[in-house]
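For reference, the structure is listed below as structure tokens.
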Amino acid sequence: MKFPTTFSLKQIADILSCEYVGQDDYPVLGMNEIHVVVNGDIVFVDHPKYYDKALESKASVILINKKVDCPEGKALLISDDPFRDFNKLTTFFQPFVPNSQTIAATAKIGKDTVIQPNCFIGNNVEIGNNCLIHSNVTIYDNCVVGNNVTIHAGSVLGADAFYYKKRPEGFDKLISGGRVVLKDNVDIGALCTIDRGVTGDTTIGFGTKLDNQVHVGHDTVIGEKCLIASQTGIAGCVIIEDEVTIWGQVGTNSGITIGAKAVIMGQTGVTKSVKGGKSYFGTPIEESREKLKQLAYIKKIPEIIKKMDKK
């Protein structure tokens, strides 16, 4: 998430009422999670296991719950609860704005785009030319839809990330301030759910087609000309490269990569990253030929046992 203008380190510290290490006028341009952070951003870390990763990341400012040596050229924000304060920044820069209209006044709708009855189009949504949005579609604030896009009935773009911190009193939600971005020529089936990024974008690339009842988690990036069949569940922070085919009822772990032109057969559990250009099947996932051989061998076990018993 980029801020509307450059803020100083002191201004950010004042918003959070926290200590800081660095020059008062140190420039801060935005905020992001560790996997998408860039120079000028704030990143938060609240567990010693990830201190080094955050401090050595591309982030310019580290929101941290311990006083540590500040890396050269960076700045620190010292907080007793970085998770809470990261939420505070999201709420400050991307507050929820209620809307009483079914199509917000700030939404931009392109030429020859058709929006069927009972849709909700949120604040600052951008929809390109020649799109067809079927009835009962919901597009949350700030989402972007390209040209020649079709979204079928009942689909939801931009719901919150499924991201929580366990507290003694229950689960504390990480507030989502990101977007969903659909590139040109994308088709979204009926009853699909595509969650917004926490601070960045959940992106579906040019020409990709989703069947009905597909879920795409927060900050996932799907490449160009992919085919994803019904009842597939894609977790958060997944990278799916170009021209991947995913058949029905596939589920993935978070934070993995599926290589270009891979084929994932139905009911596979994608438990790890896989290379492109190959076919995969099973849980845990393996190349399909190898997995099918294993299943054939398993079927022979009763026959082998009978032969052993006769001896």
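Residue numbers are given in the numbering used here: position 271 of the sequence shown equals residue 1551, and the series is strictly consecutive.
Backbone N, C-alpha and C define an ideal beta-carbon position, used for all residues, glycine too.
Separation of residue j from residue i, as counted between CA atoms
i     : j     : result
G1469 : K1347 : 49 Å
T1371 : Y1420 : 16 Å
G1531 : S1435 : 19 Å
T1473 : I1526 : 17 Å
H1327 : R1459 : 27 Å
T1285 : T1512 : 39 Å
F1366 : Q1396 : 38 Å
G1528 : G1353 : 48 Å
T1382 : R1447 : 37 Å
I1578 : K1586 : 14 Å
D1361 : L1412 : 44 Å
P1351 : P1375 : 32 Å
E1583 : T1551 : 32 Å
K1580 : K1573 : 11 Å
8 Å CB neighbourhood of residue i in its chain, flanking five on each side removed
i     : result
N1312 : M1281, V1318, D1321, I1322, V1323, A1339, T1479 and G1480
D1522 : G1485, G1503, E1504, K1505, C1506, A1540 and K1541
N1403 : V1377, N1379, A1384, T1386, A1387, D1421 and N1422
N1410 : G1390, K1391, D1392, T1393, N1427 and N1428
K1368 : I1295 and L1296
K1555 : G1539 and A1542
Bridge partners - residue i, DSSP secondary structure assignment
i     : result
V1501 : T1483 and I1519
V1436 : T1418 and T1473
D1452 : K1445
L1356 : V1301 and I1342
I1538 : I1520 and V1554
D1321 : G1310
H1495 : T1473 and G1513
I1383 : I1401
R1459 : D1481
Cβ separation of residue i and residue j, assumed to be a contact under 8 Å, to the nearest whole Å
i     : j     : result
C1471 : N1492 : According to the sequence shown, residue 1471 is Leu rather than Cys. Going by Cβ atoms, the distance from L1471 to N1492 rounds to 6 Å, so yes, they are a contact pair.
D1355 : V1301 : According to the sequence shown, residue 1355 is Ala rather than Asp. Right, the Cβ-Cβ distance comes to about 6 Å (below 8 Å), so this counts as a contact.
R1476 : A1441 : 7 Å
Cβ pair residue i, residue j closer than 8 Å
i     : j     : result
K1391 : E1406 : no
I1292 : V1308 : yes
G1549 : I1536 : no
H1495 : Y1443 : no
V1325 : I1295 : no
I1358 : C1298 : yes
M1545 : S1568 : yes
G1408 : V1425 : yes
S1534 : V1524 : no
K1614 : I1314 : Look at the range of the chain in this structure, 1281 to 1591, and you will see that residue 1614 is not part of it.
G1457 : F1373 : yes
T1418 : D1467 : no
G1562 : K1571 : yes
Cutoff 8 Å: residue i Cβ touching any chain C Cβ
i     : result
L1454 : This model lacks chain C altogether; it includes just one protein chain.
Residues near residue i in its chain [Cβ-Cβ closer than 7 Å; skip 5 each side]
i     : result
G1310 : M1281, K1282, F1283, G1320 and D1321
Y1306 : S1288, L1289 and A1355
Q1303 : L1289
Cut-off 6 Å between Cβ atoms - residues of its own chain near residue i, not counting five sequence neighbours on either side
i     : result
D1452 : K1445
G1487 : N1465, E1504 and K1505
N1416 : N1398, A1433 and G1434
I1508 : L1490, V1494 and I1526
H1414 : Q1396, H1432 and A1433
L1437 : I1419, C1423, V1460 and I1474
V1501 : T1483 and I1519
S1559 : V1543 and S1568
S1553 : I1536 and T1537
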